[in-house]
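Please read the structure below before turning to the comments.
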Amino acid sequence: MAARRFDARAGAALSAPAVCAIAGAGFDTFPELSGLTISLDSTQAVIDRERSNRTLVRGWLYGICALVAAMVVVGGATRLTDSGLSITEWELLIGIVPPLSEADWQIAFDKYKQLPEYRLVNEGMSLAQFQFIYWWEWAHRLLGRIIGVAFIVPLVWFWVAGRIEPKLKLRLLLLLAMGALQGAVGWWMVRSGLVDRVDVSQYRLAVHLTLAAVIFAYALWIARGLAVHSDERADRVLHGLAPTMVVVTGLQIFAGALVAGLDAGLAFNTWPRMDGALWPDGLLVQEPAWRNFFENPKTVQFVHRLIAYGLVLLVLVNWVSSRSRSNGETHRRRGLVLLALVLVQAVLGVVTLIWQVPIGWALAHQATAFALLGFAVAHWRALRGSYPAVTGLRVAG
Ligand code: HEM
């Protein structure tokens with residue numbers, strides 16, 4: 084007879100020792116256990132191993148999320164210091180070594196001098212100034228390589244040691260593929276600034292930042308699925324609001340990158356009015372109209388404002404709903420934290436705008452966007468509960 088799965092919570096709230104005690108008492112006294120072919124003596128060991136595997140994999144994925152968030156901040160600093168084009172080549176392994184001698188620095192500097200950015204923006208820059216921007220871009224790329232190693236080495240290790248649950252394998256490979264794609268997108272973005280223009284394309288910057296957000300969110304989603312969640316599943320309304328908040332935050336990150344890529348935060352530096360009105364004119368001056376949403380700094384900034392208002396409203400509705408509909412205290416608490424985060428983020432956005440993008444505030448605005456996204460993802464995952472246990476045995480506590 085095929086082995087049947089027995090959920091310790093389904094029949095009664097049994098702890099693992101209690102399950103073993105049942106084994107000691109014999110199956111006959113518990114008809115629902117007849118046909119169970121796994122050895123209940125080993126049940127505790129199986130559960131313990133599954134738990135420790137989940138703790139390990141979860142901790143590793145949290146580490147990856149932290150590295151991705153750090154990468155986003157360093158990437159933001161690289162952009163805000165106009166450092167992104169300082170390294171004109173891309174070599175996976177050799178690129179890790181920075182120029183080591185005066186002559187090497189001069190070669191790297193000479194290559195940079197060929198770029199339109201140097202001729203039109205940085206003409207006459209000193210070697211020391213060049214080194215400053217070089218180090219930012221180098222650090223950004225180095226961190227990318229560190230993330231690659233920090234992902235691949237433990238992945239192989241856990242895989243070989245049998246610590247990865249079968250259903251996670253494809254998901255983790257997908258994460259790996261997204262990471263590789265992100266490296267390629269980064270270089271595709273840098274290339275757009277090497278000829279004809281003094282900045283990278285805002286489209287490519289937006290794709291790069293949004294893909295970073297997707298990687299971050301997906302890694303966190305998997306990690307939170309491996310955690311133990313104390314609250315019961317929430318009701319349908321909260322279930323609908325949670326993914327909506329995640330998607331709108333992602334959309335807002337894309338829109339924010341367009342604002343950043345077009346330097347649209349350096350114009351129209353008033354709030355709540357923009358160009359003298361709450362709903363400014365001239366939003367659709369470019370032809371065809373869709374272009375305005377990607378290439379007209381005024382429209383792009385205005386759309387970023389509108390999405391922000393929509394997001395604040397959405398998170399507010401979620402908070403109010405979680406108070407009346409949630410059957411769990413932690414669901415309610417998360418609703419409140421999300422509200423606090425979105426309000427802080429909106430204030431940071433306004434400050435960044437009216438003070439004309441000071442680097443510290445702009446970075447805080449970018450980092451908080453990821454904190455908000457991360458929290459929204461964690462909230463969504465918690466509403467759905469953990470991944471089902473591989474063994475089919477769940478033991479309270
Ligand atoms: C409330 C949700 C918001 C989120 C999630 C958000 C997210 C973002 C993100 C991810 C960026 C890109 C940063 C970068 O690549 O450097 C950005 C840029 C920007 N955001 Fe927001 N934002 C929000 C609200 C606002 C508000 C309310 C304003 C102002 C009214 C604002 C103004 C700006 C400005 C000026 C930039 C460009 C900064 C730069 O050039 O570095 N944001 N935003």
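The working numbering puts the sequence shown at residues 84 to 480.
Even for Gly, the Cβ is constructed at its ideal location relative to N, Cα and C.
What does the alpha-carbon distance come out to for the pair residue i and residue j?
i	j	result
Trp-219	Ala-391	30 Å
Ala-206	Thr-164	One detail in the question is off: residue 206 reads as Glu in this sequence, not Ala. The alpha-carbon atoms of Glu-206 and Thr-164 are separated by roughly 16 Å.
Gly-480	Ile-130	Residue confidence for Gly-480 is low, a pLDDT of 37 falling below 50, so the modelled location carries little weight; the figure read from the coordinates is stated next. Going from the Cα of Gly-480 to the Cα of Ile-130 covers about 12 Å.
His-414	Leu-466	7 Å
Gln-369	Leu-345	15 Å
Ala-372	Ala-452	28 Å
Phe-192	Tyr-217	9 Å
Ala-429	Val-400	16 Å
Leu-303	Val-311	14 Å
Val-386	Phe-376	8 Å
Val-204	Arg-287	21 Å
Thr-353	Ala-447	19 Å
Met-328	Val-398	7 Å
Ala-482	Tyr-301	This structure cannot speak to residue 482, because the chain is shown only from 84 to 480.
Leu-334	Leu-324	15 Å
Val-460	Pro-326	8 Å
Ala-296	Arg-319	26 Å
Gly-227	Trp-173	13 Å
Ala-338	Gln-285	10 Å
Ala-106	Glu-133	Unreliable placement is indicated for Ala-106, whose pLDDT of 49 sits below 50; no coordinate value is reported for it.
Ile-247	Ala-211	48 Å
Hey, is residue i close to the ligand HEM, as in C-beta under 8 Å from one of its heavy atoms?
i	result
Gly-167	no
Leu-500	The question about residue 500 has no answer, for the chain in this structure spans 84 to 480.
Leu-163	yes
Ala-343	yes
Ala-429	yes
Asp-187	no
Ala-233	no
Gly-468	no
Asp-346	yes
Ala-317	no
Ile-298	no
Gln-335	yes
Gly-418	no
Trp-354	yes
Val-425	yes
Gly-146	no
Gln-449	yes
Ala-340	yes
Gln-369	no
Val-433	yes
Ala-445	yes
Arg-137	no
Ala-152	no
Arg-287	no
Ile-130	no
Val-268	no
His-387	yes
Ala-391	yes
Gly-159	yes
Gln-384	yes
Tell me, please, which residues DSSP counts as bridged to residue i.
i	result
Ala-317	Paired residue(s): none; Ala-317 is not in a bridge.
Ala-360	Met-357
Under the assumption that residue i contacts residue j (Cβ atoms under 8 Å), give the Cβ distance between them as a whole number of angstroms.
i	j	result
Leu-394	Val-331	5 Å
Gln-384	Ala-347	4 Å
Leu-168	Glu-200	5 Å
Tyr-470	Leu-309	7 Å
Ala-340	Leu-294	The pair is not a contact, with the Cβ atoms about 10 Å apart (cut-off 8 Å).
Gln-449	Val-155	7 Å
His-462	Arg-417	5 Å
If we count the other Cβ atoms within 10 Å of its Cβ and call it buried at 16 or more, is residue i buried or exposed?
i	result
Trp-402	buried
Arg-388	buried
Val-283	buried
Thr-126	buried
Ser-404	buried
Leu-238	buried
Arg-202	exposed
Ser-184	exposed
Val-236	exposed
Gly-79	The requested residue 79 is not part of the displayed model; the chain covers only 84 to 480.
Lys-252	exposed
Ser-122	Low per-residue confidence applies at Ser-122: pLDDT is 49, beneath 50, and the placement is therefore not dependable, though the value from the model is reported in the following sentence. Exposed, since its Cβ has fewer than 16 Cβ neighbours within 10 Å.
Ile-190	exposed
Thr-161	buried
Would you say residue i touches the ligand FMN, meaning its beta carbon is less than 8 Å from a heavy atom?
i	result
Val-330	Here the bound small molecules are the ligand HEM; the ligand FMN is not part of this structure.
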